[in-house]
Ligand code: FES
Ligand code: FES
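Structure below.
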């Protein structure tokens with residue numbers, strides 16, 4: 004069965020007809036070409052596919068595209084504006100919060116969602132907030148420091164605030 008779906012993705016309204024079984028991550032990557040949202044598992048465990056849906060961090064491999072109809076999606080591609088990194092992105096750069104980078108889009112988006120909810124998180128709260136995101140490289144400490152850096156330097160950023 005097919006459905007007409009309207010989504011605002013990174014500020015742009017898109018209308019498509021999609022299969023009812025299609026997952027949002029596949030819509031973003033394959034229909035819209037937004038391949039910054041990664042697929043790292045088929046068990047809903049890794050968090051590499053995390054996007055903000057109406058201001059809330061969700062694993063886009065767990066959401067049917069039709070279920071997001073009418074929603075506002077922010078992917079990692081929508082964060083930086085005019086080449087200006089958000090505080091979270093800059094924090095990952097400053098604090099070496101990535102190595103291979105595969106988990107990083109999901110980490111950055113999850114951290115952005117965390118800071119929308121909790122602007123001044125403790126290291127423990129950051130670890131708890133990112134527990135749905137797996138990283139095989141960094142050992143997490145530098146990711147925690149990256150998010151703390153962002154909290155001290157502007158929080159989630161203007162684009163994410165606008166998606167609240
Ligand atoms: Fe791993 Fe979505 S792809 S949680
Ligand atoms: Fe390689 Fe996280 S930086 S998986």
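In my numbering, the protein residues as written are 4 to 167. Positions of the beta carbon are idealized from the N, C-alpha and C atoms, including for glycine.
Distance cut-off 7 Å: residue i Cβ against heavy atoms of ligand 2
i           : result
residue 138 : yes
residue 105 : yes
residue 53  : no
residue 89  : no
Classification of residue i by the beta-carbon crowding that lies within 10 angstroms, buried from 16 upward
i           : result
residue 32  : buried
residue 99  : exposed
residue 63  : buried
residue 161 : exposed
residue 136 : buried
residue 103 : exposed
residue 46  : exposed
Residue i CB to nearest heavy atom of ligand 1 below 7 Å
i          : result
residue 69 : no
Where the alpha helix (DSSP H) through residue i begins and ends
i           : result
residue 130 : 126-132
residue 60  : It is not in any alpha helix (DSSP H) - residue 60 instead sits in the beta strand (DSSP E) that spans 59-62.
residue 93  : 90-97
Delimiting residues of the beta strand (DSSP E) encompassing residue i
i           : result
residue 7   : 5-12
residue 150 : That residue, residue 150, is in no beta strand (DSSP E); its alpha helix (DSSP H) goes 144-155.
residue 162 : Unbroken run through residue 162 is the alpha helix (DSSP H), 161-165; no beta strand (DSSP E).
residue 21  : 15-22
residue 112 : Taken as a continuous stretch (DSSP letters only), residue 112 belongs to no beta strand (DSSP E), being part of the alpha helix (DSSP H) at 107-120.
Beta-carbon proximity check, residue i vs residue j, cutoff 8 Å
i          : j          : result
residue 50 : residue 80 : no
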